[in-house]
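Enquirer: Numbering (numbering that gives the first Met the number 0), first residue to last: 0 to 224.
For glycine and all other residues, C-beta sits at the position ideal for the given N, C-alpha and C.
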Amino acid sequence: MFYVRLNKLRIIKNGDIIGKGEIQFMSFINQSNDSLPNLNEFFETNDEDRKKEIIKDSVSRVIQSRILMTIDKVKDKSIITFGDTGYIVYKDEKIPKDFSWQIVAVELDKKTRDNAALIKSVLTDSNVDTITKGIQALAKASNPVSGAVVELSKLVVGVILDIAKNKKDDQIGYYLTSFIEKLDYPNGIRDRQDIPDLTGNMFVDYSIFGYQDYAVEAVENLKSL
Numbered sequence: 000m001f002y003v004r005l006n007k008l009r010i011i012k013n014g015d016i017i018g019k020g021e022i023q024f025m026s027f028i029n030q031s032n033d034s035l036p037n038l039n040e041f042f043e044t045n046d047e048d049r050k051k052e053i054i055k056d057s058v059s060r061v062i063q064s065r066i067l068m069t070i071d072k073v074k075d076k077s078i079i080t081f082g083d084t085g086y087i088v089y090k091d092e093k094i095p096k097d098f099s100w101q102i103v104a105v106e107l108d109k110k111t112r113d114n115a116a117l118i119k120s121v122l123t124d125s126n127v128d129t130i131t132k133g134i135q136a137l138a139k140a141s142n143p144v145s146g147a148v149v150e151l152s153k154l155v156v157g158v159i160l161d162i163a164k165n166k167k168d169d170q171i172g173y174y175l176t177s178f179i180e181k182l183d184y185p186n187g188i189r190d191r192q193d194i195p196d197l198t199g200n201m202f203v204d205y206s207i208f209g210y211q212d213y214a215v216e217a218v219e220n221l222k223s224l
């Protein structure tokens, strides 16, 4: 089993000039070998309309996979904790060879968007064109499908940040990082505190914990016989 746990967030400025703000945190975690239905077809077809249909479906799936947390009345210099055990934002039955993690934090002046509303905001013709071109650029790679979900997730987050900016929802933080098992959690464990994000306004405490489930491994080995 494998878990990524968010333990604490520290916010310097909340983005609300009045003093308190409602902040929406979105967590996206993807492995490089993740896949989505029809991505193989995306790189095989020459039908541009079909490519866009595949991108729309894939974007919807990425947004629906997000872990969403909305915290009310966040002041400047706030420390946000998740009980005494933290909050699991990702789990898998196997320890991944690598994965990428994004946390987006925006101060919302309007009602929190649900998945359907956010998907509608993201899937404009212009945004779909931008994302389609971004994924199409991977076609030059020897295995373009590998890593396509990670790249798609980054492109989707970029659009979400642009939407927040256009709607005057302040960007509070953007944490972007990647991990490699053999380098960053060779024993299945990693624990870090007060890691700065890309804006310098948000600091992250997290834990990674993975262990080999030998019962599951034995069943899989039997299936392969």
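Assign R9 to buried or exposed, taking buried as 16 or more other Cβ atoms, counted over all protein chains shown, within 10 Å of its Cβ.
Expert: By the neighbour-count rule (16 or more Cβ atoms within 10 Å), R9 is buried.
Enquirer: Do you know offhand how far T84's Cα is from D128's?
Expert: T84 and D128: Cα-Cα distance of roughly 42 Å.
Enquirer: If you drop the 5 nearest sequence neighbours on each side, which residues of the same chain put their C-beta closer than 7 Å to that of T111?
Expert: Caution applies to T111, whose pLDDT of 46 falls short of 50 and renders its modelled position unreliable; the model cannot decide the point.
Enquirer: What does DSSP give as the partner residues of D46 in its beta bridges?
Expert: DSSP output for D46 lists no bridge partner at all.
Enquirer: Would you say the region 26 to 36 touches the region 81 to 101, given that touching needs at least three Cβ pairs under 8 Å?
Expert: These segments touch.
Enquirer: With a cut-off of 8 Å on the beta carbons, I'd call V105 and A163 a contact; round off their distance for me.
Expert: 4 Å between Cβ atoms; contact.
Enquirer: Give me the Cβ distance between I171 and M201, rounded to the nearest whole Å; I'm assuming they're in contact under 8 Å.
Expert: The pair is a contact, with the Cβ atoms about 6 Å apart (cut-off 8 Å).
Enquirer: Between the alpha carbons of V3 and S59, how many angstroms are there, rounded?
Expert: One C-alpha to the other measures close to 23 Å.
Enquirer: Short of 6 Å in beta carbon distance, which residues of its chain neighbour I118, apart from the five on each side in sequence? Order them along the chain.
Expert: Closer than 6 Å at the Cβ level, and outside the excluded window around I118, lie S59 and I62.
Enquirer: If I follow the unbroken alpha helix (DSSP H) through K181, where does it start and stop?
Expert: Per DSSP, K181 belongs to the alpha helix (DSSP H) from E180 to D183.
Enquirer: Skipping 5 residues on each side, what residues in its chain have a beta carbon closer than 6 Å to that of A136?
Expert: Result list for A136: empty, nothing under 6 Å.
Enquirer: Quick check on the DSSP output: the alpha helix (DSSP H) that includes G85 runs from which residue to which?
Expert: First-last for G85: undefined, no H or E at that position.
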